[in-house]
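First residue of the sequence shown: 564, per the numbering used here; consecutive thereafter.
Data first, discussion second: the structure below is written as structure tokens.
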Amino acid sequence: MNMCALRASWRRWRRWLALLPAAASPLAAHGEVVVRPFGATSDGTPVQSFELRSAGGLTVRLSALGAALIGVDAPDRSGKVADVAFGFDDAAGYESDANQYFGVTTGRYANRIAGGRFVLDGETYQLALNNAPNHLHGGGPRALSKVTWQAKTFEKPQQRGVKFSYVSPDGEENYPGTLQIEVTYALNDANELRIDYAARTDRPTIVNLTNHAYFNLAGAGSPTINDHVLTLHADRYTPVDDTLIPTGELASVAGTPLDFRQPTRIGDRVDQLTATPAKGYDHNFVINRDAGAGVVRAAELYDPQSGRVLTVFTDQPGVQFYGGNFLNGQAGKNGKVYAYRSGCCLETQHYPDSPNKPDWPSVVLRPGQTYAHVCTYAFSVR
Ligand code: GAL
């Protein structure tokens with residue numbers, strides 16, 4: 564056997580061995596994608612998880628159910644590793660009521676649409692009102708977060724990942740058009756996790772996808788994110804009504820608790836928002852971007868105690884900063900408990916309710932066009 568064949572055969576063995584529950588970790592070298600069983604959905608579909616390791620010391624886990632980010636083991640400034648992303652131990656957890664979109668891909672329209680209604684080319688569409696009186700994160704049982712995606716792993720020099728694909732049939736969750744979707748996660752050796760979204764349709768439709776990962780950089784399950792320091796590169800945000808639907812205004816953050824243009828401790832002003840409809844931080848920010856600029860730095864989250872930093876880059880117009888106001892102490896993976904405001908999401912996306920806001924960046928996708936979206940979660944320490 565020559566060297567190449569030997570290497571290929573060892574890789575095959577290693578993949579097979581990785582399916583044995585406890586044996587996987589020592590065998591998962593960086594550079595390779597390790598595939599494991601992750602339980603099954605309630606209809607009996609087996610679900611797989613995928614582990615990516617970088618030479619920089621980051622480990623990322625993904626699941627085919629919901630094309631989800633289910634774990635991020637990140638070193639702190641002294642090299643101590645903690646899982647900083649929320650999730651569950653298996654597919655059943657993701658199907659349970661405790662799951663508030665932990666790490667999943669949301670869509671076909673992430674965030675809210677007023678009354679679940681929109682008009683496209685003169686036709687009115689009515690979507691599920693799963694967050695009454697509005698539509699939220701793609702709706703009911705066939706929302707993208709709830710289906711099992713096809714997965715294809717890839718390994719390249721200094722980069723490895725998984726491409727998830729799903730074909731959402733015309734009319735699924737009442738959205739028009741057959742939507743062919745790909746969500747590709749790629750981890751490089753600089754500890755950057757890049758998510759690329761792509762979608763194509765055979766009929767005019769609307770699309771807005773995002774990832775709904777919750778992070779606590781002190782380790783998921785730590786009691787609060789109040790001590791995290793946040794920077795948002797956003798001069799403006801989209802104020803909302805009592806049901807969290809944008810009024811249509813793009814308002815200045817100046818002089819409000821939403822001004823994160825300078826690094827600011829999250830806990831400093833959050834209580835000024837507790838009695839508002841958002842119940843804390845739950846706002847879409849308009850990312851500052853020079854004309855023609857594509858991917859820009861949108862946000863930075865820093866935990867002074869561990870030194871962990873998460874920087875978010877995107878080409879999308881907005882980022883929803885959601886501070887975990889609906890977390891209720893549910894039980895997550897590894898026996899951890901997710902308390903009120905103990906995690907936060909930085910969801911790169913189009914503005915909420917854009918289908919009903921003709922002046923805002925368009926979310927309409929027509930046959931022949933490709934929806935594309937880049938979001939990078941870069942992990943470092945300081
Ligand atoms: C967020 C949204 C929140 C809440 C959460 C899920 O994206 O902004 O209002 O619905 O998802 O619990």
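Each residue gets a CB set at the ideal place from its N, CA and C atoms; glycine is no exception.
- Residue 666 and residue 709 have their C-alpha atoms roughly 12 Å apart.
- Distances from the alpha-carbon of residue 904 to those of 929, 889, 625 put 889 closest.
- Bounds of the beta strand (DSSP E) holding residue 755 are 755-764.
- Judged by beta-carbon spacing, residue 657 lies beyond the 7 Å limit of residue 632, meaning their Cβ atoms are not closer than that value.
- In this structure, residue 916 has its CB at a distance of at least 6 Å from all heavy atoms of ligand 1.
- By the neighbour-count criterion, in which a residue is buried when 16 or more other Cβ atoms sit within 10 angstroms of its Cβ, residue 825 is exposed.
- Going by DSSP, residue 656 is part of the alpha helix (DSSP H) stretching over 654-658.
- Shortest Cα-Cα distance from residue 603 to any of 615, 637, 654, 922 involves 654.
- Separation of the CB atoms of residue 619 and residue 771 is rounded to 31 Å, and the pair is thereby denied contact status at 8 Å.
- For ligand 1, a non-hydrogen atom lies closer than 6 Å to the CB of residue 885.
- Cβ-Cβ separation between residue 751 and residue 713: approximately 23 Å, too far for a contact (criterion under 8 Å).
- Burial check for residue 891: the Cβ neighbour count within 10 Å stays below 16, so the residue is exposed.
- Contact check for residue 756 and residue 748: beta-carbon distance about 6 Å, within the 8 Å limit, so the pair qualifies.
- Short of 6 Å from the beta carbon of residue 762, and not among the five residues preceding or following it, lie these beta carbons of its own chain, in chain order: 742, 744, 770, 934.
- For residue 807, there is no enclosing beta strand (DSSP E), as DSSP gives it neither H nor E.
- The way I'd put it, the stretch 869-880 does touch the stretch 898-916; three or more beta-carbon pairs between them come closer than 8 Å.
- Secondary structure of residue 707 (DSSP, three-state): helix.
- In the structure shown, residue 919 adopts helical secondary structure according to DSSP, grouped into three states.
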